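Down below is the structure, laid out as structure tokens.
Chains as they are written, first to last, in the working numbering: chain L, 322 to 407; chain Y, 326 to 658.
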């Protein structure tokens, strides 16, 4: 194992300074996670985010669609009791 | 077993973060499970309100634990994270879903929609607890590695032992959740939580006994440590005392007693795991000392811990203080 390269005033951990030009290329610092797991998790994350942001946007637009009106309920007077803040 | 004081301190700092996470977030994960299994809307609302102000601060400790492992024991991190890649990804996605469900359930358009959101909360809480148990189980079981790299198939976490640990942790978290609700709620919901807590206590303790026996068959060192009368007897005595305190706690006027007794059982189980593992960080052979970072990194990170841990503890305590007391939800919800 080579000596850690110091680019900072304190000694950085070997793991932090891995992809330094000419010393260790990104392809040489790959972890041993299998290609199938990386691909699978990528699709999983993309799909999940798509759902989450679609639903989030839908909720947001639904809340925005309702204009303010006279006599709408302000902050709930019962809320302090409900959350146990007495 | 050569281990220097600073490395020991690093291990202590890391373990403190992890146990804090398990105690704090474990409790609100358990509330998430129970909420998803509750039919009445008023009860579900009370359960959500009891954890809404504090659940995200509890998760701070997970970040500290993960960052701490990378900075303090990089070799262990490099082996453990690839081995547990999928359970960690699933856990983080479940945590996102949980946060969404908790924070947005009040904006659900209809009662049916709200039930759907709560079903999401249930699944996410179950998956998070399961994944965390699987992570601990895979670690205790031992992670194959060669030349500082993980060398397994990426699927060891699907072995029976890690899955059993996942089941145990879900049961234990739900137990904590029931104890929390006994403390923080009133009337019917409180009585129901007390009944659930008693049943879940027996379930968790039963599974814990199986876990200790199963663990001692995995490696010679575990058996030597866990079965030895010097460790086994005091542990059994402490467990009996905590359980007595748990059951008697329901008769006292301090509703927090059962929860603290249950948290004590968690601390005991966690300590037993540390005793079985020490000085290993990755069984069967990698020690704390072998995976440590450079002395400068250790000192640097420990200074950060010395600053952050008290601040986070104060922050947590303040949060719990501000939102202490009983939750009372008017029946209109």
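Heads up, the beta-carbon is just placed ideally off N, CA and C, and yes, glycines get one too.
All values derive from a computational prediction rather than experimental measurement.
Residue range of the alpha helix (DSSP H) that includes residue i
i                      : result
residue 605 of chain Y : Counting along the chain, residue 605 of chain Y falls outside any alpha helix (DSSP H), though it belongs to the beta strand (DSSP E) covering 605-607.
residue 358 of chain L : 356-386
residue 487 of chain Y : 485-509
residue 651 of chain Y : Premise fails: residue 651 of chain Y is in no alpha helix (DSSP H) and is neither H nor E.
residue 428 of chain Y : 410-429
residue 379 of chain Y : Where residue 379 of chain Y is concerned, there is no enclosing alpha helix (DSSP H), given that its DSSP letter is neither H nor E.
residue 361 of chain Y : 330-361
residue 443 of chain Y : 436-466
residue 549 of chain Y : 545-552
residue 386 of chain Y : 385-397
Own chain partners of residue i with C-beta closer than 6 Å, once the 5 adjacent residues on each side are dropped
i                      : result
residue 588 of chain Y : 348
residue 345 of chain Y : 386
residue 462 of chain Y : 486, 487, 490
residue 604 of chain Y : 326, 328, 612, 613
residue 510 of chain Y : 371, 652
residue 433 of chain Y : 439, 442
residue 641 of chain Y : 382
residue 330 of chain L : Residue confidence for residue 330 of chain L is low, a pLDDT of 49 falling below 50, so the modelled location carries little weight and cannot support an answer.
Amino acids of chain Y, ordered along the chain, whose beta-carbon sits closer than 8 Å to that of residue i
i                      : result
residue 349 of chain L : Neighbours of residue 349 of chain L on chain Y: none; closest Cβ ~12 Å, over 8 Å.
residue 399 of chain L : 655
residue 384 of chain L : 432
Reduced DSSP category for residue i - H, G, I as helix; E, B as strand; rest coil
i                      : result
residue 538 of chain Y : helix
residue 397 of chain L : coil
residue 617 of chain Y : coil
residue 471 of chain Y : strand
residue 344 of chain L : coil
residue 351 of chain L : coil
residue 612 of chain Y : strand
residue 285 of chain Y : Residue 285 of chain Y lies beyond the residue range present for chain Y, which begins at 326 and ends at 658; the question has no answer from this structure.
residue 390 of chain L : coil
residue 368 of chain Y : helix
residue 642 of chain Y : helix
residue 476 of chain Y : coil
residue 327 of chain Y : coil
residue 403 of chain L : helix
residue 629 of chain Y : helix
Chain L contact residues for residue i, given Cβ-Cβ distances below 9 Å
i                      : result
residue 410 of chain Y : 352, 354, 355, 358, 359, 362
residue 429 of chain Y : 376, 377, 380
residue 475 of chain Y : 352, 353, 354
residue 366 of chain Y : Within 9 Å Cβ-Cβ: nothing; residue 366 of chain Y doesn't reach chain L, min ~14 Å.
residue 502 of chain Y : Those do not exist, as residue 502 of chain Y stays about 17 Å from chain L at its closest Cβ, beyond 9 Å.
residue 479 of chain Y : 353, 354, 355, 357, 358
Nonlocal neighbours in the same chain, by C-beta distance under 7 Å from residue i, ignoring five residues either side
i                      : result
residue 451 of chain Y : 358, 495
residue 600 of chain Y : 550, 556
residue 528 of chain Y : 496
residue 374 of chain Y : 652, 654
residue 609 of chain Y : 467, 544
residue 342 of chain Y : 386, 389, 390, 393
Listed by chain order, chain L residues near residue i by CB distance under 8 Å
i                      : result
residue 418 of chain Y : 365, 366, 369
residue 414 of chain Y : 362, 365, 366
Contact list for residue i against chain Y, beta-carbon separation under 9 Å
i                      : result
residue 403 of chain L : 370, 371, 374, 652, 653, 654, 655, 658
Per-residue contacts from residue i into chain L (C-beta, under 7 Å)
i                      : result
residue 425 of chain Y : 373
residue 407 of chain Y : 352, 353, 354
residue 696 of chain Y : In the structure displayed, chain Y extends from 326 to 658; residue 696 of chain Y sits before or after that span and is not available.
Proximal residues to residue i (C-beta, below 8 Å), its chain only, five neighbours per side dropped
i                      : result
residue 593 of chain Y : 560, 563, 564, 567
residue 353 of chain Y : 376, 379, 380, 383, 502, 505
residue 366 of chain L : none
residue 339 of chain Y : 390, 393, 394, 397, 398
Residue i beta carbon near the ligand ATP (any heavy atom closer than 8 Å)
i                      : result
residue 646 of chain Y : Judged by which ligands are present, the structure shown has none, so any question about the ligand ATP falls away.
Original post:
Which parts of the stretch 555-609 of chain Y are runs of the beta strand (DSSP E), unbroken and 3 residues or longer, counting only runs that do not cross its ends?
Top reply: 605-607
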